[in-house]
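Trainee:
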Amino acid sequence: MSQKVNSPESPASAIISAEIDKLEGIGLHVGANIADRATPVTTTISNQNSALSAIETRLAQEILDVSGALQQFGSATRSIREELPDGAQFDKMMVGLLSLLGFHLSYSLLKSMDPPLLLGDGSEYLDKLGLRLSDTFRELDLEGRKFLAVALIDKGFDECTQ
48 MSQKVNSPES PASAIISAEI DKLEGIGLHV GANIADRATP VTTTISNQNS
98 ALSAIETRLA QEILDVSGAL QQFGSATRSI REELPDGAQF DKMMVGLLSL
148 LGFHLSYSLL KSMDPPLLLG DGSEYLDKLG LRLSDTFREL DLEGRKFLAV
198 ALIDKGFDEC TQ
């Protein structure tokens, strides 16, 4: 049984084209590469397994593309930070934060060796470390103000507690 997925006449394709036209209408020029990637790809599938494989492959490629763009963003904002005058401390901190966030998000997307923290709402990951949720998050009361404390967890934490 063969079926088509994401035909060019699909409503999603029309919405994407309309959004690209809006962006170009206000002076933002969307590159052909971005516009082509945003358009749904027509794929003929013969069974569910090949569909999932094709989707996983495309999703992995998109994640690599997003990660690369985030790394490029981080590098560009780092360069901008270096060009700012010394007196613009707040601007330097904000641009530095954006650079750091870009690199951190890129790293998070590419990091696949460790189990995700949200796997099984995090309980499986905490179980592997021998921790409970109450060991990870605590409410502290300091001078009448309440704070949420989050423990920094790594694989060495389990060794330190024994």
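Heads up, the sequence shown stops at 209 in my numbering, and the numbers go up one at a time, no gaps.
C-beta atoms are modelled at their ideal positions from N, C-alpha and C, and glycine is treated no differently.
Keep in mind the model is a prediction, meaning the values are calculated, not measured.
(1) Would you tell me roughly how many angstroms separate the C-alpha atoms of PHE150 and GLN118, rounded to the nearest one?
(2) Which whole-angstrom value describes the C-beta separation of SER146 and GLY121, a residue pair presumed to lie in contact below a C-beta threshold of 8 Å?
(3) With DSSP as the reference, please indicate the residues paired to LEU221 in a beta bridge.
(4) With a threshold of 6 Å on Cβ separation, who are the neighbours of LEU165 within its own chain once the five nearest residues in sequence on each side are excluded?
(5) Grouping DSSP H, G and I as helix and E and B as strand, with all else coil, what is LEU180?
(6) CB GLU186 to CB LEU195, shorter than 8 Å?
Mentor: Working from what's here:
(1) For PHE150 and GLN118, the distance between alpha carbons rounds to 5 Å.
(2) At roughly 5 Å, the Cβ-Cβ gap stays under 8 Å, so SER146 and GLY121 are in contact.
(3) The chain is shown only over 48 to 209; residue 221 falls outside these bounds and no answer can be derived.
(4) Residue placement at LEU165 is flagged as unreliable, the pLDDT there being 44, under the threshold of 50; a coordinate-derived value is accordingly withheld.
(5) LEU180 falls in the helix class under three-state DSSP.
(6) A contact, by the Cβ cut-off of 8 Å.
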